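Here's the structure we're looking at; comments come further down.
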Amino acid sequence: MAGDLAALLAARLDEDEHWARMAEAGWPPGNALAASEDPEHYAFMATDITPSKATFIRHHGPARVLREVAAKRAILDEYNQALAAQNEMLASPAGDQSVTYEWENGRVCALLNAIHGFAAVYDDHPEA
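Structure, rendered in structure tokens:
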């Protein structure tokens with residue numbers, strides 16, 4: 002379950018990065034949103050951007066999204082490393098009896114809680 006959640010989060014971060022990079026590059030050009038052949042693909046048309054929406058979009062622009070993706074990936078990587086260390090300890094002769102294991106288990110749990118929080122924002126995604 003936790004592995005599925007980590008994979009789901011990694012996939013959503015990949016999507017966020019992709020769209021941020023597309024926006025950073027100026028895609029789609031002009032009024033391509035309004036000219037799209039697939040109106041379901043875009044949640045709004047370019048003409049629907051009010052001044053308050055434009056301010057919000059500028060505040061959450063591509064650079065910020067890319068920083069957020071990098072920060073979340075760093076925590077996801079830390080979780081994967083902690084989980085691997087925990088599994089290695091479980092396979093050792095001392096097993097889960099060591100103080101180090103208890104610390105590592107707490108670290109895994111704390112990072113997993115963060116991942117749950119990060120993944121929660123994607124609850125409306127079809128793959129969630």
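First residue of the sequence shown? That's 2 in my numbering, and the numbers climb one at a time after it.
For glycine and all other residues, C-beta sits at the position ideal for the given N, C-alpha and C.
None of the values given here were measured: they were computed from a predicted structure.
Using a Cβ-Cβ cutoff of less than 8 Å, which residues in the same chain neighbour residue 114 once the five nearest sequence positions on both sides are dropped? The residue labelled residue 114 in the question sits at position 113 within the sequence shown. If we look at residue 114 and ignore the five residues flanking it on each side, it has no Cβ neighbours.
For residue 123, the three-state DSSP class (helix, strand or coil): The residue given as residue 123 occupies position 122 in the sequence shown. In the structure shown, residue 123 sits in coil (DSSP, three-state: anything other than H, G, I, E or B).
Pairwise C-alpha distance: residue 102 and residue 91: Translated into the one-based positions of the sequence shown, residue 91 becomes position 90. Translated into the one-based positions of the sequence shown, residue 102 becomes position 101. Between the C-alpha atoms of residue 91 and residue 102 there is a straight-line separation of about 8 Å.
Classification of residue 58 by the beta-carbon crowding that lies within 10 angstroms, buried from 16 upward: One-based indexing of the sequence shown puts residue 58 at position 57. With fewer than 16 other Cβ atoms within 10 Å, it is exposed.
Is residue 21 closer than 9 Å to residue 80 when the C-beta atoms are compared? Translated into positions along the sequence shown, residue 80 becomes position 79. Translated into positions along the sequence shown, residue 21 becomes position 20. Going by C-beta atoms, residue 80 is not nearer than 9 Å to residue 21.
Reference residue 106, options 127, 82, 94 and 26, closest by Cα: By 1-based counting over the sequence shown, the position of residue 106 is 105. Closest by alpha carbon: 82.
On the CB-based measure, 16 or more other CB atoms within 10 Å of its CB, does residue 122 come out buried or exposed? Position 121 of the sequence shown holds residue 122. If you draw a 10 Å sphere on the C-beta of residue 122, you find fewer than 16 other C-beta atoms in it, and that means exposed.
Do residue 11 and residue 67 come within 9 Å of each other at the CB atom, strictly closer than that value? Taking the first residue of the sequence shown as 1, we reach residue 67 at position 66. Taking the first residue of the sequence shown as 1, we reach residue 11 at position 10. Result no, Cβ atoms of residue 67 and residue 11 do not sit closer than 9 Å.
Where residue 24 falls: helix, strand or coil (DSSP): Along the sequence shown, one-based indexing puts residue 24 at 23. Residue 24 falls in the helix class under three-state DSSP.
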